[in-house]
Amino acid sequence: MKRNLTKILLLLVATLFAVQTAQAYFFASVFMVTGTITLQGRPADKDQVVAAFIGNDKVAEAKTRDNGAFELQIPEYDPTKPEIKGYHSTDDVIQVKLEGKIAKPTFNPNADNLKIDLRVETTLDVKLSTWGKIKALFK
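Going by this note's numbering, the residue at position 41 of the sequence shown is 221; the numbering climbs one at a time, nothing skipped.
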């Protein structure tokens, strides 16, 4: 009886060790961002695309749920899998976009989890060169 209990305990410890090793090998650290996102002061509609970018690299994408709720899982960059984009350091700046529109504020992956409320404020996005052309018309 005592011998069987020892075997079961050793098997349990070995299994736990194997699972932790496999997770460390196959799954890099993931930065979880949850919260809500608003568009012009109203919660974003359900099933809109929310994407996280570091520079020009898309590092995560999800869809909004009820009341503009979202959840993004941003992986840590793994040089053995360069095709999977992720954050390199806690100094990286993450920019979120809702259906291609920039949300504010930006943030850094400096904790395991972050809860944040993002907002998208649409503005007239006119290039300065366009203003120069308009001014030239009235000279």
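Note that the Cβ used here is the ideal one computed from N, Cα and C, for glycine as well.
Source: prediction; values computed, not measured.
Alpha carbon to alpha carbon, how far is Lys238 from Thr214? Give it in angstroms, no decimals.
Each residue's alpha carbon lies about 17 Å from the other.
List the residues that DSSP assigns as beta-bridge partners of Phe287.
Paired residue(s): Ile274.
Compare the beta carbon distance of Val210 and Pro259 with 8 Å and say whether it is the shorter of the two.
The answer is no: Cβ separation not under 8 Å.
Go ahead and pull the three-state DSSP assignment for Tyr205.
Reliability of the predicted coordinates at Tyr205 is poor, the pLDDT of 46 falling under 50, and the value obtained from them is presented with this limitation in mind. Here Tyr205 sits in helix by DSSP.
Given Thr310, which residues of its chain have a CB within under 6 Å of its CB, disregarding the five upstream and five downstream residues?
Correct list: empty, nothing qualifies.
How many Å lie between Phe287 and Thr195 at the Cα?
Rounded to the nearest angstrom, the two C-alpha atoms are 38 Å apart.
Across which residues does DSSP place Thr302 in a beta bridge pair?
Answer is none; Thr302 lacks a bridge partner.
Going by C-alpha to C-alpha distance, which of Gln220, Val230, Lys261, Ile264 sits closest to Gln275?
Out of Gln220, Val230, Lys261, Ile264, Val230 has the C-alpha closest to the C-alpha of Gln275.
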